[in-house]
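*Asks:* According to mature numbering (1 follows the signal peptide of the UniProt record, and there is no 0), the sequence shown holds residues -26 to -1, 1 to 151 in order.
Yeah, the Cβ is synthetic: ideal placement off N, Cα and C, and Gly gets one too.
Given the structure is predicted, the values throughout are model-derived calculations rather than measurements.
Below is the structure I would like to discuss, written out as structure tokens.
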Amino acid sequence: MQSSKISRRLALGLVAVALPALTSCAGSFEAQLQEPYTPGNAVWADTDDLRVRGVVAVASTDGAATLVATILNEGDADDALVAIRVPGGRARIGAGTVPRSTVPLPAGGVAVLGADTTLGEATPVAIESRSVRLGSTVPVVFDFERAGSVRLNVLVVPRRGEYATVPPPTGMPRTGA
């Protein structure tokens, strides 16, 4: 009878010690799965129903870069990218003599900026600023017709490796920015 009480107390003590250790592992593992992250060099943001993904500035030299991004509209209403701003610099959407004023974002659709992907043909986007330096970050603001603005600190990466096929920035006359 005495050994039975000792066995039960020992078993209860073991459970009391082991239970917190076992539950903390499960809690930590689940919490890590809930944290979004961006692998690699690109950054991302969400605003309303828009998902701005894979944003990176690709440059051959300091001063100007091609802005690469994918924007998904997961909502039921159309939106549009109406401007890209680079504080202390400038941005140009489109190529040729007349830049585009907007990039349409139809409901359930996608817009690709900078470099063609399997999701579609890209709209060229060039940025120019003194803060565009290889290895640094440059502040970029995306202005949307309905969803408002999104500000990101975008990494400036060299045009090589996975970015070797990104076209150079177009339509930005060199002004010594």
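#1: With burial defined as no fewer than 16 other Cβ atoms inside 10 Å of the residue's Cβ, what is the status of R125: buried or exposed?
#2: Return the CA-CA distance between E48 and A33, expressed in angstroms with no decimal places.
#3: Classify G122 as helix, strand or coil using the three-state DSSP reduction.
#4: So what does DSSP say about G83, is it helix, strand or coil?
#5: Classify P142 as helix, strand or coil using the three-state DSSP reduction.
#6: Mind checking which residues open and close the beta strand (DSSP E) that includes G28?
#7: For P132, collect the residues of the same chain with a Cβ closer than 6 Å to its Cβ; drop the 5 residues on either side in sequence, then sort them by chain order.
#8: What's the call for P143, buried or exposed, on a 16-neighbour Cβ count within 10 Å?
#9: Roughly how many angstroms lie between the CA atoms of E102 and V86, to the nearest whole one?
#10: Would you grab the beta carbon distance between V77 and I67 for me? Rounded to a whole angstrom, and I think it's under 8 Å.
#11: Can you check which of these residues, T40, V26, G135 and V99, is closest to R74 by C-alpha distance?
#12: Have a look at V26, V17 and G37 and flag the residue whose alpha-carbon is nearest the alpha-carbon of S123.
#13: Quick check on D50: buried or exposed, where buried means 16 or more other Cβ atoms within 10 Å of its Cβ?
#14: Leaving out five residues before and five after T139 in sequence, what residues of the same chain have Cβ atoms less than 8 Å from its Cβ?
#15: I need the straight-line Cα distance from V29 to V84, nearest angstrom please.
#16: Among W18, A96 and A65, which has the Cα closest to the Cα of P141?
*Replies:* For this structure:
#1: exposed
#2: 30 Å
#3: strand
#4: coil
#5: coil
#6: L24 to A33
#7: L108
#8: buried
#9: 20 Å
#10: 6 Å
#11: V99
#12: V26
#13: exposed
#14: A89
#15: 14 Å
#16: A96
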